[in-house]
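Have a look at the structure below before the remarks.
Numbering (the numbering used here), first residue to last: 27 to 171.
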C-alpha cells in the first residue's frame with residue numbers, strides 16, 4: 027500500500043458567539059492557541075472570512091409576542107422559548123445601525139440536519155410554516171396601526 031502524505035492541510039472554524047463575546051478577541055485567542063501548538067517548520071495562516079458579535083432579541087418585545095401567536099396559529103401549539111440562534115452577521119448590523127430587533131424563525135425540526143448533505147424539510151412543516159408566516163404578517167400589521 028502506498029503511503030501518501032499531503033503537502034497541504036486545511037481546517038475551517040466557525041464560532042457561534044453570544045452577546046458580550048468579542049469576535050476580534052475570540053479570533054486572537056484562536057491564533058494564539060494554534061501558534062502555541064504548531065510544530066516548528068510548519069507554515070500556517072488564518073484567513074478571517076467574517077465575524078459579528080451575537081445579538082439577543084428581548085422576549086418581552088411585541089414582535090416576539092406576535093411571532094409566538096403566529097407560531098401557535100401555524101403549528102397548533104404554543105412555542106417553547108429556547109435561547110438558540112444562527113450566525114447571520116447582518117442581524118448585528120440591524121441591531122446596531124438601525125436599532126431594530128430581528129426575528130429569525132425556522133420551521134424545520136432538530137433532526138432536519140440543517141446545512142448538511144442529507145438535510146431534509148418535511149412538506150407538513152413547510153405548510154405549517156407558511157400558515158405561521160401569514161399569521162405573523164397579519165399580527166405585525168396590527169402592531170403598526
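For every residue, glycine included, the Cβ atom is placed at its ideal position computed from N, Cα and C.
Selection from 117, 131, 94 that minimises the alpha carbon distance to residue 125:
117
Going by CA-CA distance only, name the one from 152, 120, 144 that's closest to residue 132.
152
Taking three-plus beta-carbon pairs below 8 angstroms as touching, is the stretch 82-90 in contact with the stretch 144-151?
no
Same chain, Cβ closer than 7 angstroms to residue 97, neighbours up to 5 away in sequence not counted:
105, 158
Spatially closest choice to residue 81 from 155, 123, 138, 102, by CA coordinates
123
Could you tell me if residue 61 is buried or exposed, where buried requires 16 or more neighbouring beta carbons within 10 angstroms of its beta carbon?
exposed
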